[in-house]
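Working notes, structure below.
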Amino acid sequence: MSNLRISLTCAAGLLLAAMASTAVAQAGPLNKPKVDPVSAANGQPLYATACAECHGPGARGTNKGADLMVSSVLLHDRYGSELGPFLLKGHPVAGGAASTTFSKAQILDLSNFLYQKFYETLSRRPPNPPPNIVVGNAAAGKAFFNGAGGCAGCHSITGDLAGIAKRDRAYQLQQSFVFPGGFHRGAPPPPPVTVAIAPASGPSVSGVLVHMDDFNVIYKDSAGQEHTVARAPGMTVTTKNPLAAHIALLKTITDRQIHDVVAYLETLQ
Amino acid sequence: MTFRGAVLTPILALVLLSAPALLAAQSHAGAAAESWPMSNRDYSANAYSPLHQIDAGNVTQLQPAWSFTPAPGAPDAGFAIKATPIEVGGVLYYATPNNAFAVDARTGRQRWHFHWTSKGGYTLGNRGVAILKDRLYFETPDCNLVALNLTDGAQIWHKSICDLDMYYYASAAPLIVNNHVIIGTSGDDIDIPGYVASYDATTGALQWRWYAHPQPGTPDAKSWPSTEAMLHGGGTTWGYKSYDPELNLIYFGTGNAQPVIAGKARPGANLYDASIIALNPDTGKMAWYFQATPHEAHDWDAIETPVLFDATIAGKPRKLLANASRNGWFFVLDRTNGHALVSRPYVDANWTLGTNAKGEPIPNPEKEPQVAGELSNPNQGGAANWFPPSYDPQTGLFYIDALNAWSVYYVYDLNATPEGWGGNDQGGYSEGELEALDIKTGKPKWVHHWAYPSRSGLLTTAGNLVFSAGVSSDIEALNASTGDPLWHAVLPHGVANAPMTYSLDGVQYLVAGSGNQLVAFTLSPR
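Chains as they are written, first to last, in our numbering: chain H, 18 to 286; chain Y, -6 to 519.
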């Protein structure tokens, strides 16, 4: 089906995904607890002493205790409202002190600490610091760059890519290479798509593509003037995307080759 | 022909309307040709209308008839319309998050509006309402099923259908079968199990609940590494559902597995996530499952609409179910038993190693998300998503507005026991394609390449038309047999739902959502 997938006369768009879901802020109930970081910090050592042995250092459970990140008691708790009665009726804890002796302040601290861990679990963001993604073979990446990948046909390690690893982190290098066109902040805008319009009769026109659909083509001429051309029978509309080689690569490149190229680009300090 | 948004102001009807039609009990099994009484018109969910006043020869003559915009400043009035309105007795009914509306189908004038004061939950969208006799039912983001009086929008009852504190929310269109109001649930922020449930249409009492995981100790439970993982394994049920009255089975899909993306912590097929499910609506007992994505690890919910139709394949009459899944594969199943007759990718899906004996795709373990990045097609948004597809019995084609999309998936949660969203995809490149698939082979008869990525629900009609969103904040009509673009109209906002159609007083109306507005077209000005 690959011949059906890309129309050479059809400009293809780049979709930029959001770095992280802003919608997470809307998740759950409106009255979900707000974490007091001071109280949460106070709760950390109490949790470590009394709870971590069974529920684990991250409160995600062990074979001795439940995963608190999906605990009904915790998720219905509001500043100790559920956690307090649960602990004060007696719950096994480590460290000597019985849970029935926990003060209201201690329970609030535990609630804040656990909700802090919970909200960390809700996050869809990359960890900070980010994990190392340079796992490829730089020599293989260099061979791909100069050979099968066809990269050297447009790019030069002494030209546009000179010192690129000093400017971009590995993660940015990978995204820029696989999806060029400005994914990461500060990246240059994608080069413009151009269009040539040949009517059934009369002269052809061309320029930078502004927008097109099934009925109209809007382009900008060399003077910067925008023109709208209504599509008509017999008209040929041909676009040229400078990123076409990158787009074509998506269908063939392997994850190993991506990792190798990133390792090679990382050497361009 | 292009209509700019400015012309889409409400247009007064030239005729006085009779009193509202008496609303009779709806028989959903065979919707009258003129009406659109369910989200996807009838129980088959094929989003096809036998109306043909508007056809491929005259569609260019469509004119704006009316538009409806909720009162500015009203609470939650700005949400985009993702629900396909339903038409009953000359009135359109639809919902947006926290709102239900009744709008005169001839004029676009508001009949009533109901607002729900929410206690939270995502407001990503509401996918539709359902009607039984004199009541309308819809779900709210904060996990309630609300029953309203159809004539004035007064609340009759509401029932909690999921636990907002556990980060569930509700957005699905209910399905009504006899006295059952069958609901779906949403939410994958934390590791919770998905389910469908049935409520008594009269009283709102819970009748049954079916969880999207096997019972502990059963053979299917071995598809999980532990009972704990299975009981928190996801599989929400927020898509459209269909129903076969003869077999007395409802059909729906289940969502992605939990934890999301970080699938290596839960080896196995992870049943019944990312599956098409057949259930008895009276008991909630599962008849069969077909897992569209075994060991799902890319957020590929399989909640896309299961579309029902009958056809003869290899000389044998078949009761069929067709589904274009978010994972990029098109399936045609025997809906009596869930066996695949067609199983074929409809985009460049790069994650499989063929199919197993049931016709389910076999995931390539090398294409599981990685810390260092894994290039995937489809991307997280999927080749398809919740947007309704359409099946046209005249052409025998299944229409899907697809995205051929790539992104790189990263695993973020490096814990031994990842939870919630254990990774995400980033970046991407996408191509939009309206595909007309032969249901006997899964091969496209035609593919219309959009100039830019585009996606909406679809409508097909006996006028040999398929209606879709275009790429210029417009609605577009294409020839259903050839894919040739025929007509479009630029709207104030993009179309985020599926267009629908109905006929009143001998006039066929075409209606679509445009942002928070409804817009209607007819062949002659109203």
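Where is the CB? At the ideal position from N, CA and C, for every residue including glycine.
Reference residue i; option with closest CA among the options
i	options	result
Ala215(H)	Pro208(H), Pro209(H) and Ser223(H)	Ser223(H)
Val170(Y)	Pro238(Y), Tyr445(Y) and Ala365(Y)	Pro238(Y)
Leu190(H)	Gly366(Y), Thr286(Y), Ala64(Y) and Pro209(Y)	Gly366(Y)
Asp394(Y)	Gly374(Y), His225(Y) and Gly450(Y)	Gly450(Y)
Pro209(H)	Ala165(H), Leu260(H), Arg273(H) and Val110(H)	Leu260(H)
Val300(Y)	Gln373(Y), Trp379(Y), Phe460(Y) and Leu407(Y)	Trp379(Y)
Ala271(Y)	Arg259(Y), Gly425(Y), Tyr236(Y) and Pro287(Y)	Tyr236(Y)
Ser179(Y)	Met159(Y), Thr494(Y) and Pro485(Y)	Met159(Y)
Thr144(Y)	Ser336(Y), Arg104(Y), Pro186(Y) and Asn137(Y)	Arg104(Y)
Gly227(Y)	Ala455(Y), Val401(Y) and Ser268(Y)	Ser268(Y)
Ser37(Y)	Trp281(Y), Leu242(Y), Ser111(Y) and Thr247(Y)	Leu242(Y)
Leu117(Y)	Tyr162(Y), Leu479(Y), Gly82(Y) and Ala93(Y)	Tyr162(Y)
Tyr204(Y)	Ser219(Y), Asn397(Y) and Cys155(Y)	Cys155(Y)
Ile181(H)	Pro74(H), Gly73(H) and Tyr281(H)	Tyr281(H)
Ala165(H)	Glu283(H), Val152(H) and Ala265(H)	Ala265(H)
Within 7 Å, strictly: CB atoms of residue i and residue j
i	j	result
Gly177(Y)	Ser32(Y)	no
Tyr41(Y)	Asp385(Y)	yes
Gly101(Y)	Phe61(Y)	yes
Ile74(Y)	Asn490(Y)	yes
Cys168(H)	Phe162(H)	yes
Tyr132(H)	Val52(H)	yes
Ala342(Y)	Gly321(Y)	yes
Leu139(H)	Asp182(Y)	yes
Gly107(H)	Thr117(H)	yes
Leu427(Y)	Ser474(Y)	no
Leu368(Y)	Asp231(H)	no
Gly197(Y)	Leu157(Y)	no
Ala67(H)	Val110(H)	yes
Ile432(Y)	Ala315(Y)	yes
Ser423(Y)	Pro437(Y)	no
Thr211(H)	Val225(H)	yes
Three-state secondary structure (DSSP) of residue i
i	result
Met223(Y)	helix
Thr53(Y)	helix
Phe460(Y)	strand
Ala67(H)	helix
Phe245(Y)	strand
Ile183(Y)	coil
Arg273(H)	helix
Leu117(Y)	coil
Gln419(Y)	strand
Tyr265(Y)	coil
Val488(Y)	coil
His151(Y)	strand
Thr276(Y)	coil
Met493(Y)	strand
Thr454(Y)	strand
Val87(H)	helix
Asn316(Y)	strand
Asn80(H)	coil
Test: residue i CB closer than 7 Å to a CB of chain Y
i	result
Phe130(H)	no
His72(H)	no
Ala265(H)	no
Ala42(H)	For Ala42(H), the predicted structure reports a pLDDT of 43, less than 50, and the residue's modelled location is therefore unreliable. The matter cannot be settled from this model.
His244(H)	no
Thr253(H)	no
Gly241(H)	no
His211(H)	The amino acid occupying residue 211(H) in the given sequence is Thr; His does not appear at that position. Not an interface residue.
Gly45(H)	yes
Thr39(H)	In this predicted model, Thr39(H) has a pLDDT of only 34, less than 50, meaning its place in the structure is not dependable; the value taken from the coordinates is given anyway. So no, Thr39(H) is outside the interface.
Proximity test, Cβ basis, 7 Å: residue i and chain H
i	result
Lys112(Y)	yes
Val364(Y)	yes
Ile183(Y)	yes
Ala444(Y)	yes
Val488(Y)	no
Glu367(Y)	yes
Glu289(Y)	no
Leu157(Y)	yes
Trp231(Y)	no
Runs of alpha helix (DSSP H) wholly within the region 180 to 235 of chain H (minimum 4 residues, chain order): You should have 181 to 184 and 187 to 195.
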